[in-house]
Every structure is written in structure tokens, then in C-alpha cells.
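What follows is a short report on a single structure.
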Amino acid sequence: MSAVPLRNDQPAINGPRSITVLGATGSIGDSTMDLLRLTPDRYQVEALTAHSNVEGLAKLAREFNARFAAIADPARLDDLKEALSGTGIACGAGESAIIEAAARPADWLMAAVSGAAGLKPTLAAVDRGTTIALANKECLVCAGDFFMQRAVDAGARILPADSEHNALFQALSSGNRAELTRVIITASGGPFRTWAAADIEQATLEQALKHPNWSMGQKITIDSASMMNKGLEVIEAAYLFALSPDQIDVLVHPQSIVHGLVEFSDRSVVAQLGSPDMRIPIAHCLGWPDRIVGPSTRLDLAKIGQLTFEAPDFERFPGLRLAFEALRTGQGATTVFNAANEIAVAAFIGKKIRFGAIARLVEATLEQWVRAGNLAPLSSADDAIAVDHNARKLAASLLPQIAAKAS
Ligand code: NAD
Ligand code: MG
């Protein structure tokens, strides 16, 4: 049994639905609120959350007349109270308030906190057995099997919101799971797709933040430039759809029009296409099992003219190779992969390491973790959080030597 519903065999949803958005002020949050804005009468916003952007959160909470607003930074509670004064909107601060927001009754929840911080709140929603549009890939990368099993146990439905996984989700409904032989997720290749390894090594933050097709949050944009994002997505696909690493391929597709493809036993390949606009996969999740009217640009293939594809280069983009290795290792290795990458990206943003050192820090952390015999199955959120915490510490301790070492 899977927590990802495979066919559109659910009853249509009529009347207004209650909605919670975790990470409402972020890039995915923004796209989600944009969709709600189209037909506000259909939705009652239950809860909205943000990390520290009180102004942005309060503005949204007022606009959508949310019942509850939560800010993760505990120091901002008074500011949030003041920003919401006179509205009757309840509010809270700190991690517990984010978890409370997720636990409040809502029919549909967008999980769009960035990073491993999304795990606990998303689990609080899973435990309610609700419908979750999952953008936060770290829930799967850090806690994979355990997260999906808990969703099955609680009767929660996980709707993949990440564009590639949403494409697979849509394409999968044209066959049965037993008939599935392979999935392919596409990658734009990022801003360094055609760069030589030596230039990628020295790439600046400004260059890494120039994504050719997608407009996204800072962390995921850097991950796209290093192709770590595609690595995270390979792991995400493995856990979401219970696939072995051999059943997942990555295809570089610079136009970002074909997002994911599913191959069935008869060698039919079914793909999902669309403009590179996150509102398309989010709209699919929001409408599911029906379709809503979306605001995105219509796909004009004649205008685009050519769709091109190439094999990924595991040498210039070692993050992708490391993701497959971590997935094959299992037992918390993907959690370590993610934790080390988060430390590495923060160090790169802080100008402590070069772009090329991101993958080297992840590799060194994984190697040391495995050598120390730390591998064990994860059976709880606390297990995953402990591995995440310890791997971050290890990565931080390895940082100075990686920073000092030339490529
Ligand atoms: P973002 O940085 O733009 O927004 C993150 C949101 O989470 C913000 O509202 C922020 O306030 C909140 N947040 C950050 N840290 C928090 C914490 N510790 N506790 C509580 N809230 C916190 O990120 P994003 O680009 O919207 O991405 C969100 C998630 O969706 C990530 O996991 C990302 O990998 C995934 N995703 C994003 C895209 C995209 O196009 N942006 C596509 C696919 C998947
Ligand atoms: Mg994606």
C-alpha cells in the first residue's frame, strides 16, 4: 500500500475546503497563496506559518482571514501579536507553534517549509491523516521509509508537489504499479550545465543564483546549480514511489518543459509537460482529485520549437553521484547527505567555501559517517533528527579542512 494515491479514484470535492500553508512566505508558499487568491470563496485558511518574516506572514493572515498564524522565531512573538492586533487571528511562536499550526484541522496542507525543519510539522499533519501537498523534499530525504509508513498508518494522502514528482504522479495514473519499469526525472542542468569543471569550482554566489528557468528560494536555487537538488529528488522519488535506485534515471533537459516520464512494461513512456511554473504542480495538488483552472501560461510548443535531452555528467556534478551512493547505502545515509549539503550550502553563501567544495564536504561527511559504522535503520522522527543533528556537527567539523584544501 502506498500513501501516494495512484489513480484519480477519489470522490470529487465540493464546497469550500480548509487549507493550511506551512512556509507561506516562501517561494512555494507564494505560488500557493496566488492560487488561493483566484477563488478565495472556495477556501477557508486555517493556519499560515513563516520563519521570521512577521510582516509578510501578518499581511497574508489578514488578507486570507486565517484562523491561526505561527512564526518560528520565538523572539518575534510580540511583533506578530502587534501586527495582528484587532483581527481576532490567534497566533503563536517557536517550533511548537509551527507544529500546532500543522496539527490544527485542515482538509489540505501545503508542506513548504525549507530544509529538515519541515519534518516535525509535516509529521504532525501526517498524523491527522489529512491530504498533504508535499513540497518539502527533506521529509523524504531525511526520514524516507519511516515518513511514508507513518502516512500509510495514519491514512494520510501524500500528493507530490515537487514538479518532477508531480509529473510522475500524473503519469503513473496511466498504468498499474506492477507495470511500472522505470521513472525518469528531468533536470534543467542549471546555470553551469555547459561550464568546464574548473569554472564550476570557482563559481560565485551570484552566478549560482542565476537559474535559467525557475524562480525559487535561495537554497534550492544553489542546489540546482550543483545538481544536488536533482540528487535530493532522486532520493525523494525512491521513497515516494517505493523505487530502487536502478529504477530512477535523470535526464538533462535544458528547456524544463518535460518534467517527468514513466516507463511501463510494454515500453510505453508517459510524460507530463508544462511551462516551468510551480503553480502548475501545486494547482494539480490543490484541485486533486479534480482539476482547477490555473493561471499559468499555456504551453506553446511551436514557439519553443525544440526540446533537447542529454545524459547527466556525474563527473562535473558529483552531487548527483553521491545521492545515488547514499540511496544505495540506506540506513540514514540520505539523511547525512542532506545534512552535510545544508551545512555546505550555508558555508558557500557565507563565502567560507568555494562552490566546488560543496560536493567535497558532502562526500567527506558521508565517508566518515560510514567509516565510523554509524549506519542504522531510522525508526522514528527523533532517530532522523538525531542523525541530522550529528551529521551537521560532523560536516561543520570537517568544514575547515575542506575550505583549506584546493580542489
Ligand atoms: P523558501 O526559502 O522560499 O521558503 C521557505 C519557507 O519556510 C518560508 O516561508 C520560511 O519562512 C519558512 N521557513 C524556513 N525555515 C523555517 C524553519 N526553521 N521553521 C519554520 N519555517 C521555516 O523555500 P522554497 O523555495 O519555497 O522551498 C520550500 C520547500 O519546497 C523546500 O523543501 C524545497 O526544496 C521545496 N521545493 C521548492 C521548489 C521551488 O520552486 N521553490 C520546488 C520544489 C520543491
Ligand atoms: Mg523539483
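Residue numbers in the sequence shown follow our numbering, run continuously in steps of one, and reach 424 at the last position. Each residue gets a CB set at the ideal place from its N, CA and C atoms; glycine is no exception. Bear in mind the structure is a predicted one, so any value in this text is a computation, not a measurement.
Which word fits residue i, buried or exposed, when buried means at least 16 other C-beta atoms lie within 10 angstroms of its C-beta?
i: Pro177; result: buried
i: Asp240; result: buried
i: Thr352; result: buried
i: Arg432; result: Given that the chain is displayed from residue 18 to residue 424, the structure contains no residue 432 and the question cannot be resolved.
i: Thr221; result: exposed
i: His427; result: Because residue 427 is not part of the residues shown, which for the chain are 18 to 424, the question remains open.
i: Val62; result: buried
i: Thr203; result: buried
i: Ser232; result: exposed
i: Thr148; result: buried
i: Asn82; result: exposed
i: Arg315; result: exposed
i: Arg388; result: exposed
i: Ala428; result: Nothing can be reported for residue 428, as the shown portion of the chain is limited to 18 through 424.
i: Gly172; result: exposed
i: Pro394; result: exposed
i: Pro298; result: buried
i: Gly135; result: buried
i: Leu2; result: Because residue 2 is not part of the residues shown, which for the chain are 18 to 424, the question remains open.
i: Ala421; result: exposed
What residues are listed by DSSP as bridge partners for residue i?
i: Ile265; result: Val200
i: Gly40; result: None, per the DSSP bridge assignment.
i: Gln272; result: Its beta-bridge partners do not exist; DSSP assigns none.
i: Thr289; result: At residue 289 the sequence reads Gln, which differs from the Thr that was named. In DSSP, Gln289 forms a bridge with Gly277.
i: Glu327; result: Val269
i: Arg34; result: Tyr60
Comparing the CB of residue i with every heavy atom of ligand 1, is any distance shorter than 7 Å?
i: Met233; result: yes
i: His270; result: no
i: Val130; result: yes
i: Ser113; result: no
i: His68; result: yes
i: Met295; result: yes
i: Ile366; result: no
i: Ile202; result: no
i: Ala255; result: no
i: Gly109; result: no
i: Lys442; result: As displayed, the chain neither begins before 18 nor continues past 424, which places residue 442 out of reach and without an answer.
i: Lys236; result: yes
i: His299; result: The sequence as given places Ile at residue 299; His does not occur at that position. Ile299: no, Cβ never under 7 Å from ligand 1.
i: Ile89; result: This sequence places Ala at residue 89; Ile is not what is there. The answer is yes for Ala89.
i: Ile45; result: yes
i: Gly135; result: yes
i: Gly40; result: yes
i: Ala357; result: no
i: Ala242; result: no
i: Ala340; result: no
i: Ala20; result: no
i: Ala152; result: yes
Is residue i near ligand 2, going by C-beta to nearest heavy atom under 7 Å?
i: Asp266; result: no
i: Asp179; result: yes
i: Glu196; result: no
i: Glu155; result: no
i: Glu250; result: yes
Report task. Within the stretch 58 to 88, note down every full beta strand (DSSP E) run reaching 3 residues or more, in order along the chain. Result -> 60 to 67 and 85 to 88
Should the stretch 271 to 279 be regarded as contacting the stretch 323 to 341, the criterion being three or more beta carbon pairs within less than 8 Å?
-> Below 8 Å, enough C-beta pairs join the stretch 271 to 279 and the stretch 323 to 341 to call them touching: three or more.
- Output the residue ranges of the alpha helix (DSSP H) runs that lie fully inside the stretch 119 to 207 and measure 4 residues or longer, sorted by chain position. 136 to 143, 155 to 171 and 180 to 189
Does the stretch 230 to 239 come close enough to the stretch 356 to 371 to have 3 or more Cβ pairs within less than 8 Å? yes
For the stretch 140 to 156 against the stretch 115 to 131, do three or more pairs of beta-carbon atoms, one drawn from each stretch, fall closer than 8 Å, so that the two count as touching?
yes
**Segment contact flag, the stretch 148 to 166 with the stretch 50 to 64, C-beta cutoff 8 Å, min 3 pairs** = no
Subject >> Contact between the stretch 336 to 349 and the stretch 245 to 265 (3+ Cβ pairs under 8 Å) >> reply: yes
* Enumerate, from N- to C-terminal direction, the unbroken alpha helix (DSSP H) stretches of 4 or more residues contained entirely within the stretch 85 to 119. => Listed in chain order, the complete alpha helix (DSSP H) runs (minimum 4 residues) inside the stretch 85 to 119 are 94 to 100.
Specify whether the stretch 215 to 232 and the stretch 343 to 350 touch according to this definition: at least 3 beta carbon pairs, one from each stretch, less than 8 Å apart. no
Query raised in the report: Three or more beta-carbon pairs under 8 Å between the stretch 300 to 307 and the stretch 252 to 262, yes or no?
Result: no
Quiz item: Is the stretch 154 to 167 touching the stretch 276 to 293 in the sense that three or more CB pairs, one from each, lie closer than 8 Å?
Solution: no
At 4 residues or longer, what runs of the alpha helix (DSSP H) sit wholly inside the stretch 339 to 405? 350 to 366 and 374 to 388
- Does the stretch 184 to 191 touch the stretch 285 to 304, meaning 3 or more C-beta pairs lie closer than 8 Å? At 8 Å Cβ cutoff, the stretches touch.
Contained beta strand (DSSP E) runs [length at least 3] in the stretch 221 to 267, N- to C-terminal order
none
Could you check whether the stretch 41 to 48 touches the stretch 91 to 104, counting it as contact only if at least three pairs of C-beta atoms, one from each stretch, sit closer than 8 Å? no
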